[in-house]
Amino acid sequence: MLLLGILGNIGVYTGAIEMMEQWHEFFSLSIRGIIAGMAEAAVITFVFVYLFAFFYNKLA
Numbered sequence: 115m116l117l118l119g120i121l122g123n124i125g126v127y128t129g130a131i132e133m134m135e136q137w138h139e140f141f142s143l144s145i146r147g148i149i150a151g152m153a154e155a156a157v158i159t160f161v162f163v164y165l166f167a168f169f170y171n172k173l174a
């Protein structure tokens, strides 16, 4: 997401930037938006990985 934010500020991958702004509530091309988008993605990933590990350990 950091690389995509940097490249978006240069003007590359504008389609991917538009999709990222639709999918992530806090993502934008500002420094604050890039960091907030990364934090949001980290929280979402943590929740899904934690739930996956929890159910994997219960069923295994």
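First residue of the sequence shown? That's 115 in the working numbering, and the numbers climb one at a time after it. By construction, the Cβ of each residue, glycine as well, lies at the ideal position given by its N, Cα and C atoms.
- request: Check whether the segment 159-167 touches the segment 129-137, counting contact only when three or more Cβ pairs, one atom from each stretch, lie closer than 8 angstroms.
  value: no
- prompt: Sorted by chain position, which residues of the same chain lie with C-beta nearer than 6 angstroms to I131's C-beta, five sequence neighbours on each side aside?
  reply: G122
message: Tell me the residue span of the alpha helix (DSSP H) that contains G151.
response: I145 to L173
Anticipated Cβ contact below 8 angstroms, M115 with I148, distance rounded: 7 angstroms
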